[in-house]
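Participant: Just dropping this structure here.
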Amino acid sequence: MRNLLIYGLILATTACSGENGKSDAGQTQTSKNETITATAEDIALAQTLVPDDPALAAKYDRSCRTCHSLVDAKAPLTGHVPDWRVRLDGKASEIVLANIKNGLNAMPPMGLCNDCSDDELIALTDFMSGDSSQ
Ligand code: HEC
Numbered sequence: 022m023r024n025l026l027i028y029g030l031i032l033a034t035t036a037c038s039g040e041n042g043k044s045d046a047g048q049t050q051t052s053k054n055e056t057i058t059a060t061a062e063d064i065a066l067a068q069t070l071v072p073d074d075p076a077l078a079a080k081y082d083r084s085c086r087t088c089h090s091l092v093d094a095k096a097p098l099t100g101h102v103p104d105w106r107v108r109l110d111g112k113a114s115e116i117v118l119a120n121i122k123n124g125l126n127a128m129p130p131m132g133l134c135n136d137c138s139d140d141e142l143i144a145l146t147d148f149m150s151g152d153s154s155q
């Protein structure tokens with residue numbers, strides 16, 4: 022029985038590494054040490070999404086987008102809802118806002134948008150996490 026289990030595990034691992042071998046797939050390590058794998062579609066989507074509001078889109082373009090549309094930046098990908106769920110679910114919006122303003126690990130303070138208001142930072146986060154249809 023035990024051997025069967027181990028065999029199953031090896032099979033599963035092999036199947037997974039085959040998947041990850043695709044050069045366009047990426048992974049994000051969350052602060053809870055969970056790994057969420059972004060598919061090639063998630064990565065492609067992150068590169069194309071832009072807020073509808075032109076002023077917000079301009080700010081997104083020159084700040085958040087630099088990291089949040091690139092799987093290599095280890096930032097939660099724009100439009101990749103599961104990536105954001107594990108971070109934002111159950112977290113007070115003041116804490117999320119404070120994390121952006123103070124910076125969080127590889128994210129610099131204000132997410133590099135020094136002229137963003139609190140409302141804009143929240144709107145940009147809602148947009149990236151798929152919480153609004155902006
Ligand atoms: C230089 C790269 C970079 C830029 C620019 C950037 N981010 Fe981030 N962001 C990150 C990284 C990396 C993380 C993950 C940090 C961690 O948990 O280690 C992150 C995480 C976040 C989080 C999750 C915070 C939490 O509590 O888990 C939010 C919200 C966020 N970014 C919003 C923004 C917004 C809004 C902008 C633009 C105004 C922005 N980011 C610009 C790299 C960036």
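Position one of the sequence shown corresponds to residue 22 (this note's numbering), numbered consecutively onward. All residues carry an ideal CB built from backbone N, CA and C; glycine is no exception. Only a predicted model underlies this, so the values are computations on that prediction, with no experimental measurement involved.
1) Mapping DSSP to helix, strand and coil, what is A96?
2) Would G100 and M149 be called neighbours here (beta carbons separated by less than 9 Å)?
3) Does the separation of the CB atoms of D110 and A59 fall below 9 Å?
4) Are the beta-carbon atoms of C88 and A78 separated by less than 9 Å?
5) Quick check: L145 and R83, are their CB atoms within less than 9 Å of each other?
6) Compute the distance between the beta-carbons of L98 and D73, then report whether it is under 9 Å.
7) Which residue wins for smallest C-alpha separation from D136, given the options C85, V71, L70 and Q68?
8) Pull up the distance between the alpha-carbon of S114 and that of I143, whole angstroms please.
9) So, with DSSP's three-state summary, where would you put L125?
Facilitator: Let me spell this out:
1) coil
2) yes
3) no
4) In this structure, C88 lies away from A78, with their beta-carbon atoms at least 9 Å apart.
5) Not a contact, by the Cβ cut-off of 9 Å.
6) It is not a contact, given that the beta carbons lie outside the stated cut-off.
7) C85
8) 8 Å
9) strand
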